[in-house]
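Protein chains in written order, with the working numbering: chain A, 1 to 158; chain B, 1 to 323; chain C, 1 to 505.
Where a beta carbon is used, it is the ideal one built from N, C-alpha and C, also for glycine.
See below for the structure under consideration.
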Amino acid sequence: MIRKNDLSEVLFAFVIIAFGLFLVYSGIDLSIGKMSRIGPGFLPLCLGVVITGLGIGILFERQEERNFGPPNLRGLILISLAIGAFAALVETTGLFPATAALVVLTALANNHERIRPLTLIGTIAGLCIVGYLLFVVALQLPFRPFSPALFSWFTGTA
Amino acid sequence: MKHLFQKFLAAAVIASASFTGSAAFAEFPDRPITMVVPFSPGTSTDTVSRLIAKVMSENLGQPVVVENRAGAGGSVGTSEVVKSDPDGYMIAMGTVGTLAINKSIFKDLPYDPEADVTPISFVGYTPTLLVVSADSKFQTLEDLVAASKTGDGVTFASTGNGTSTHLAGELLKVLTGGQMIHVPYKSGAVGLAAVMSGEVDFMFNHPVSAKKNVEAGKLRALGVSGAKGSVVAPEVPPINDTYEGFDLIAWWLIHGPANMPDDVTKKLNAAVTAAMNDDEVRQHFARSGITEGDVALADLKGFISAEVKKWGSIADAAKAKAD
Amino acid sequence: MELLSNLALGMETAFSYDALLYCFIGVSIGTFVGALPGIGPMVTISVALPLTFGLDPTVALIMLAGIFYGAQYGGSISSILLNLPGTASTAVTALDGYPMTKNGRAGLALFINAVASFCGSSLAVLLVMGFAPSIADFALGFNSTEYFSVMLLGLIAACTMSNGSTLKALVMVAFGLVLGIVGLDLNSGVPRFTFGFLGLTEGISLISVAMGLFGIAEIVSKMGESKSGMGGPEPKIRHVSFRDMLPRRDELSRLWGPILRGTGIGSVIGSLPGSGPTVAAFMAYAMEKKVSRTPEKFGTGALEGVAAPEAANNASVQAAFIPTLSLGIPGDVVMAILLGAMIMHGIIPGPQFISSQPAMFWGLIVSFWIGNVMLLILNLPLIGLLVKIITVPSRILYPVVIFFICIGSYSVANNVFDVFVTLVFGLVGYVLMRLRYNAAPVLLGFILGPMMEENLRRSLVISRGDLTVFLDRPVSVALLLVCLLLLVMPLRKQLMKYCRSAMSR
């Protein structure tokens, strides 16, 4: 008996079963070995069998009522963009541009609390300074505030 | 606090210097040099690099900043340096692993240690000790080899498949023809503990930590992996004396990407050489059982090629392919 | 009496002006850095290491060790307040610490954290003092068969950890085990599930998994909740007076058991090389839930769920010094760095370390005590201030937290790839959260899985494929019996219920 609310649960149970079958396949592919030298595929195979079984179990399990609202797709996408942008920018353009991108995108994601431009700039500036002093100067992470490549790109000398 | 402020100032000056773009005409080095250590902090490679970088900084008048980029047996950090501009500002601490063994272990190694590297200076080398538990019935290397030819054979610990400690055991197996079963451990220290407790029969281990435990009566050393013996344990005979053709050492070598200008290479080489003559570095080497480098700059390429070949043939014999 | 003279020697060293000063600097830096999400003691110690070259070796070690155990105190702060594990070992603390914050009891949670940490460490230090050599021998006696059995026990205990659907909890444990497989296989050198990424060859970083599954998922879901107005209660924020921080009398009496049990588990696990504080914390939590009369309260803000793992992870950090100092065998990466530091200072730990360098060994041990007292004094007054972090408006707090998550996951190996991995786990975590899969068992499976597989395979290689090897050694047999008991007990309960209902019919 499937309630309307449970469609995503059912779909996810199928995802779990598919994942389990994938593990079984890769386990066999990686070689199972023999008792005196168990191969790299032994554990994936076992786990695949277990996960497939559990997935089938969940398919038939009665689910509890859920009481939350619709998924926060906007937040999910914008936070992903924020983290992705930081990761892509921090070594190519430097810590400061990456931080700015991260703060702006996170602020956009958070649409129930509007952020004023001044607060935004303040947060960016604060994080840049703290980030530089704490992580670059004190903890010596290999960041530059602005990467030299960025300058040469601006001045066109590269 | 004052120190921090000075660093901040220095960084600001550097940032503005790179802004003006006058870098190309100044004499090398006019900005900090990055020395990539392709292993985690605290490893022996890391400690050696930090000590040398410290003296190099004093010598070059520019900071040599150590950066740890661990991953994939050192391949991650090494390939990063190899792909960088060959201007001498990005150099790496290479090891027997990154510049020799990895080539025959990783199928898709993103660099070629012979073609993609400019060697800068040899740093030093150390052999390993073959140790067994002090309670072990093996008194000599011959006892061990004899036991490997009977019944179930013997077991040896290593720091993982395709590492130098694994391949050393495989070479012994090839040379003696006995049955030696490989048991990999996460780290040398945990493997050593397994040897002490008698879970595994023997292991090739770094001479200093092994020697301490030999002195304390927990381990017994049966041989040295290098044909020249070990400075830490001169009383232990080289394995090569009994089984000829056994000559394995772990070594360190500073290098940059291919095609570095000669004058930059020479300048860096001089700075490393000066570091090797520093008292603190010498003391550390002596304590850690590292023998200073005796390979000249001109011979380094040949040295790397020879090592690649040597480890490659052991790896082939052991079928230790990682893929 | 020998112990007393040793203690006197240690005090002489540890109460010197320099030692006190650097101990204080170490623990302060440690707490502070530990409190930053994802920035662990490893980065800090490796940066501080070259700065200690000029110092006396004993003083240098006192400071570096202070950073390490100080970070354990600080790591729980962001776990409790923001559901963001500051260090991997405090991920467990978030399970009940964060619900306490949601219930408006953040002050109490932080108080319990500080006190349990203090008790755990100090008691473990006593153990180190009294029994270091015999504990070292005990640890050496642990073979791969015993390791396998301990790990199996932990895993079975973990399955009882979460509330709600057992099937879902089991799937999560299995998922964690799969994540632990990723990387080069130790035995064969074959890459498993790396999909050609070089960044995955040494496995997924624990920090990425923990911060993605917990931190990012939590923030995304919070942003959604407030908008739709259908979410759970916002953290209640009020002025935290000293009285709010203190447990009620009945609560206080409930804390001693968990703290003592946690310390015991932490000390044993910590002294085994290769296990570490994270495993200790998880096991203590699982154990507490097993012995509790109200296991259903775990996960909703149970005091015991904060006290036990905190006592355990701090105890295990102190106990981990035993194999490092007395055998030269570091239990984890941070211990390996400390060992490296000792070697750089010209001291090589080993079996003779205690007898050849008594002033240094006992000075270090006494400094642990002093450091823990300092940490307690440092942390208690800060609680009132720290609780204010949750009053920071989300428009400022969220970007700051995301920023720390990014840098934290980067700092593990100085690699942007790990930041992307964290992001992927954030997405997975959000989906799991929406579908009511509790992510906590993933972490335990992730940590225990590789060790279990490694030791199973090792045991069988050494025994040449003979499975009875697990029944040859008494400790292993005992542990396996406990596993069996844990599995059978719930079944027996079910069976009795069934029989009773059948009889009454």
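At 8 angstroms on the CB atoms, spell out the chain A contacts of residue 67(B), in chain order.
Here the question's residue 67(B) lines up with position 67 in the second sequence. Ordered by position in chain A, the residues that pass the 8 angstroms Cβ test against residue 67(B) are 142.
Near residue 321(C), what residues of its chain come up, given a Cβ to Cβ distance below 7 angstroms and the 5 sequence neighbours on each side ignored?
Counting from 1 along the third sequence, the entry for residue 321(C) is found at position 321. 128.
Residue 89(B) in three-state terms, based on DSSP
To locate residue 89(B), count along the second sequence from 1; it is residue 89. Looking at residue 89(B) - three-state DSSP - the assignment turns out to be coil, as it is neither helix nor strand.
Does DSSP classify residue 64(B) as helix, strand or coil?
Indexing the second sequence from 1 puts residue 64(B) at position 64. Here residue 64(B) sits in strand by DSSP.
Using a Cβ cut-off of 7 angstroms, pull out every chain B residue sitting near residue 461(C), in sequence order please.
Looking up residue 461(C) in the third sequence gives position 461. What residue 461(C) touches in chain B: 181 and 183.
Just confirm the distance between the C-beta atoms of residue 449(C) and residue 176(C), as a whole number of angstroms; I'd bet it's less than 8 angstroms.
Indexing the third sequence from 1 puts residue 449(C) at position 449. Indexing the third sequence from 1 puts residue 176(C) at position 176. Indeed they touch by this definition, with Cβ atoms about 6 angstroms apart.
Interface residues of the segment 48 to 60 of chain A facing chain C [CB-CB below 8 angstroms]
50, 51, 54, 55, 57 and 58
So, are the CB atoms of residue 225(B) and residue 130(B) less than 9 angstroms apart?
Within the second sequence, the letter at position 225 stands for residue 225(B). Within the second sequence, the letter at position 130 stands for residue 130(B). Yes, Cβ-Cβ distance for residue 225(B) and residue 130(B) is below 9 angstroms.
Closest Cβ-Cβ distance between residue 47(B) and chain A: below 9 angstroms?
Within the second sequence, numbered from 1, the residue matching residue 47(B) stands at position 47. Answer no: the Cβ-Cβ gap between residue 47(B) and chain A never drops below 9 angstroms.
Which one or two residues does DSSP pair with residue 33(B) in a beta bridge?
Taking the first residue of the second sequence as 1, we reach residue 33(B) at position 33. The partner list for residue 33(B) (beta bridge, DSSP) reads 64(B).
If we call anything under 9 angstroms between Cβ atoms a contact, is residue 148(C) one with residue 367(C)?
The residue given as residue 148(C) occupies position 148 in the third sequence. The residue given as residue 367(C) occupies position 367 in the third sequence. Contact flag unset, no.
Mapping DSSP to helix, strand and coil, what is residue 204(B)?
By one-based count along the second sequence, residue 204(B) stands at place 204. Residue state, collapsed to three classes: strand.
What does DSSP give as the partner residues of residue 133(B) in its beta bridges?
Here residue 133(B) is taken as the residue at index 133 of the second sequence, counted from 1. The partner list for residue 133(B) (beta bridge, DSSP) reads 219(B).
Should the segment 11 to 30 of chain C be regarded as contacting the segment 395 to 412 of chain C, the criterion being three or more beta carbon pairs within less than 8 angstroms?
no
Along chain C, in chain order, which residues have C-beta atoms closer than 7 angstroms to that of residue 57(B)?
If you number the second sequence from 1, residue 57(B) lands on position 57. By Cβ distance, chain C contributes nothing, its closest Cβ being about 11 angstroms from residue 57(B), past 7 angstroms.
Residue 462(C) and residue 200(B) - do their beta-carbons sit closer together than 9 angstroms?
Against the second sequence, residue 200(B) aligns to sequence position 200. Against the third sequence, residue 462(C) aligns to sequence position 462. Yes, the Cβ-Cβ distance between residue 200(B) and residue 462(C) is below 9 angstroms.
So is residue 90(C) in contact with chain A if we call contact Cβ pairs under 9 angstroms?
Counting from one through the third sequence, the residue named residue 90(C) turns up at place 90. For residue 90(C), the answer is no, since every Cβ of chain A falls outside 9 angstroms of its Cβ.
Residues in its own chain within less than 6 angstroms of residue 99(B) by CB, not counting five upstream and five downstream?
As a first step, residue 99(B) must be located in the second sequence, where it is residue number 99. Closer than 6 angstroms at the Cβ level, and outside the excluded window around residue 99(B), lie 113 and 304.
With distances taken between CB atoms, is the gap from residue 87(A) to residue 416(C) smaller than 9 angstroms?
If you number the first sequence from 1, residue 87(A) lands on position 87. If you number the third sequence from 1, residue 416(C) lands on position 416. Their beta carbons are under 9 angstroms apart, which means residue 87(A) touches residue 416(C) by this criterion.
On the CB-based measure, 16 or more other CB atoms within 10 Å of its CB, does residue 144(A) come out buried or exposed?
In the first sequence, the residue the question calls residue 144(A) occupies position 144. Buried, since its Cβ has 16 or more Cβ neighbours within 10 Å.
Have a look at residue 409(C) and residue 87(C) and give me their C-alpha separation to the nearest angstrom.
By one-based count along the third sequence, residue 409(C) stands at place 409. By one-based count along the third sequence, residue 87(C) stands at place 87. Using only the alpha carbons, I get a separation of about 11 angstroms.
Distance CB(residue 100(C))-CB(residue 91(C)) smaller than 9 angstroms:
For this step, residue 100(C) is matched to residue 100 along the third sequence. For this step, residue 91(C) is matched to residue 91 along the third sequence. No, the pair does not count as a contact, with Cβ atoms beyond the cut-off.
Endpoints, the alpha helix (DSSP H) within which residue 343(C) is located:
Counted from its first residue, the third sequence places residue 343(C) at position 343. Segment 333 to 344, the alpha helix (DSSP H) holding residue 343(C).
When DSSP builds the beta bridges, which residues end up paired with residue 250(B)?
Along the second sequence, read from residue 1 onward, the residue named residue 250(B) stands at position 250. The partner list for residue 250(B) (beta bridge, DSSP) reads 126(B).
Is it the case that the segment 322 to 339 of chain C contacts the segment 124 to 141 of chain C, given that we only count it when at least three CB pairs across the two stretches are under 8 angstroms?
yes
For the segment 146 to 162 of chain B against the segment 275 to 290 of chain B, do three or more pairs of beta-carbon atoms, one drawn from each stretch, fall closer than 8 angstroms, so that the two count as touching?
no
With a threshold of 8 angstroms, are at least 3 pairs of Cβ atoms found where one atom belongs to the segment 43 to 53 of chain A and the other to the segment 16 to 29 of chain A?
yes
Closer than 9 angstroms to chain D by CB, residue 82(A)
Absent here is chain D; the protein component of the structure consists of chains A, B and C.
For residue 117(B), which of helix, strand or coil comes out of DSSP?
Position 117 of the second sequence holds residue 117(B). Reduced to three states, the DSSP call for residue 117(B) is strand.
With 9 angstroms as the threshold, decide whether the Cβ of residue 118(A) is near any Cβ in chain C.
One-based indexing of the first sequence puts residue 118(A) at position 118. Judged by the 9 angstroms Cβ criterion, residue 118(A) is not in contact with chain C.
Please list, in chain order, all residues of the same chain as residue 102(A) whose beta carbon is under 6 angstroms from its beta carbon, the five residues on each side excluded.
Counting from one through the first sequence, the residue named residue 102(A) turns up at place 102. Hits under 6 angstroms: 82 and 86.
Alpha carbon of residue 140(A) to alpha carbon of residue 36(A), nearest angstrom:
Your numbering for residue 140(A) matches position 140 in the first sequence. Your numbering for residue 36(A) matches position 36 in the first sequence. When rounded, the distance between both Cα atoms is 47 angstroms.
The alpha helix (DSSP H) enclosing residue 272(B), as first and last residue numbers:
In the second sequence, the residue the question calls residue 272(B) occupies position 272. Segment 262 to 276, the alpha helix (DSSP H) holding residue 272(B).
By the criterion of Cβ-Cβ separation under 8 angstroms, what are the contact partners of residue 360(C) in chain B?
Sequence index remark: in the third sequence, residue 360(C) carries index 360 (1-based). Neighbours of residue 360(C) on chain B: none; closest Cβ ~15 angstroms, over 8 angstroms.
Which listed residue (195(C), 178(C) and 435(C)) has its alpha carbon closest to that of residue 451(C)
Locating residue 451(C) in the third sequence gives position 451, counting from the first residue. Checked all of 195(C), 178(C) and 435(C); the closest Cα to residue 451(C) is 178(C).
Which class does residue 184(B) belong to by DSSP, given the choice of helix, strand or coil?
Taking the second sequence and counting its residues from 1, the one referred to as residue 184(B) is at position 184. Three-state result, residue 184(B): strand.
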